[in-house]
Amino acid sequence: MSLSRLAPAKVNLYLHVARPDVRGYHPLRSLVVFADYGDEVRLRPGEGRLFIDGPFGQGLSTSEDNLVFKAVRRFEAATGIRVDRHDFYLTKNLPLASGVGGGSADAGAVLHLLRQACAPEVSDDVLSAMAAETGADGVMCLWAEASIAEGYGERLTPVTVPTLPAVLINPGIECPTPAVFKAYDAAGDFAPIETEWSGGNLIDYLQSTRSDLEPPAIRLTPVIGEVLVALRAHPETRFARMSGSGATCFALCDTVGDAEALAVKLRAEWPKAWVRACALS
Ligand code: C5P
Numbered sequence: 400m401s402l403s404r405l406a407p408a409k410v411n412l413y414l415h416v417a418r419p420d421v422r423g424y425h426p427l428r429s430l431v432v433f434a435d436y437g438d439e440v441r442l443r444p445g446e447g448r449l450f451i452d453g454p455f456g457q458g459l460s461t462s463e464d465n466l467v468f469k470a471v472r473r474f475e476a477a478t479g480i481r482v483d484r485h486d487f488y489l490t491k492n493l494p495l496a497s498g499v500g501g502g503s504a505d506a507g508a509v510l511h512l513l514r515q516a517c518a519p520e521v522s523d524d525v526l527s528a529m530a531a532e533t534g535a536d537g538v539m540c541l542w543a544e545a546s547i548a549e550g551y552g553e554r555l556t557p558v559t560v561p562t563l564p565a566v567l568i569n570p571g572i573e574c575p576t577p578a579v580f581k582a583y584d585a586a587g588d589f590a591p592i593e594t595e596w597s598g599g600n601l602i603d604y605l606q607s608t609r610s611d612l613e614p615p616a617i618r619l620t621p622v623i624g625e626v627l628v629a630l631r632a633h634p635e636t637r638f639a640r641m642s643g644s645g646a647t648c649f650a651l652c653d654t655v656g657d658a659e660a661l662a663v664k665l666r667a668e669w670p671k672a673w674v675r676a677c678a679l680s
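Numbering (this note's numbering), first residue to last: 400 to 680.
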């Protein structure tokens, strides 16, 4: 039996980050949505190996440090089931260390597939607990539903957002999350993280929110600022911002046609960048 699952890209429409706690971790509040595009994870009969292909597969570890195996070990520890009769096939379509939660999404997809194949009795809460141990984005990327994320990113309240035609662009530079948080702390500029969306026009609302990791990420990787300027220069862009700790930026558009047209222009302007038109919801 072969099972497969999409591990979709996550986008932080806003990301408000508070002063770090005693452990150095940051309470946050974020509106997260997910793309209709991502990595692909397949499970087939085998012996516990990981095979990787896809445009961003090169150089990605196929051993224990891959988040796929972190998820497998969490599943084994929680269920007592040894995962040695399946192989994993990962098609890595999402850029690495890019603020769209690709690794966490892969881990989430693995947990869903293992439950389906080996332990359908495992509850959603138990699956969430396993995902939480794979990283701060683990739970949101497991469920991949539009949500307000609070706590450290693990406390989710589902929200209904309209389907948003969008373009994702990554200039091809990895942006390690801890370094961006460190640069954020160094600036010492902490604003309140609370905000409420009570319906109305989502883009108008987003204008009143922030991406707190955008300024430090731009300081570390100035090309992110250039990408945002380029996005905002096009009439198809209704709203542009960086996702997560970067370097992927997104543009929201009015229509699918606008998003596709914008993607074509960006590919011409940024031939080395990863550019993807998609729908976020
Ligand atoms: O949990 P994850 O491994 O994805 O987080 C990577 C790093 O990002 C952490 O080691 C920490 O430095 C930082 N982080 C944080 N506060 C959060 C989430 C992540 O400081 N809420």
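Built from N, CA and C at the ideal position, the CB exists for glycine as well.
- Taking a C-beta distance under 7 Å as the contact criterion, S403 and G498 do not qualify as a contact pair.
- Setting aside the 5 residues that flank it on each side, A504 is surrounded in the same chain by A406, P407, A408, K409, G437, D438, L493, C540 and A543, each with a C-beta closer than 8 Å to its C-beta; the list follows chain order.
- Per DSSP, reduced to three states, the secondary structure at G437 is strand.
- When only Cα atoms are considered, V467 and T556 end up about 26 Å apart.
- The alpha-carbon of W669 is positioned some 32 Å away from that of R428.
- For I480, no alpha helix (DSSP H) run applies, since DSSP gives it neither H nor E.
- Contact fails between the region 504-520 and the region 578-585, because fewer than three Cβ pairs, one in each stretch, are under 8 Å apart.
- Taken from the Cβ of G552, at least one heavy atom of the ligand C5P lies inside 6 Å.
- Of the heavy atoms belonging to the ligand C5P, at least one sits nearer than 6 Å to the Cβ of P577.
- A distance below 7 Å between beta-carbons, with the five flanking residues on each side excluded, links K469 to the following residues of its chain, in chain order: A506 and T533.
- In this structure Y413 is buried. Its beta-carbon is surrounded by 16 or more other beta-carbon atoms within 10 angstroms.
- If you draw a straight line from the Cα of R473 to the Cα of D483, it is about 14 Å long.
- Contact check between the region 649-661 and the region 546-565: three or more CB pairs, one atom from each, fall below 8 Å, which counts as touching.
- Taking the Cα positions, T576 is about 17 Å away from D464.
- For secondary structure counted as the beta strand (DSSP E) over 3 or more consecutive residues, the region 485-568 holds these complete runs in sequence order: 485-490, 546-549 and 554-557.
- With a threshold of 16 other beta carbon atoms within 10 Å, K491 meets it and is buried.
- With a cutoff of 6 Å, H425 counts as near the ligand C5P, since its C-beta is closer than that to a heavy atom of the ligand.
- Sorting G624, L601 and C517 by C-alpha distance to the C-alpha of R443 places C517 at the top.
- As the crow flies, the alpha-carbon of Y424 is around 9 Å from that of R418.
- DSSP, reduced to helix, strand and coil, places Y604 within a helical segment of the structure shown.
- With contacts defined by Cβ atoms closer than 7 Å, A616 and C574 form a contacting pair.
- Boundaries of the alpha helix (DSSP H) around V628: V622 to R631.
- Beta bridge pairing from DSSP links H415 with R428.
- For A535, the distance from the CB to the nearest heavy atom of the ligand C5P is below 6 Å.
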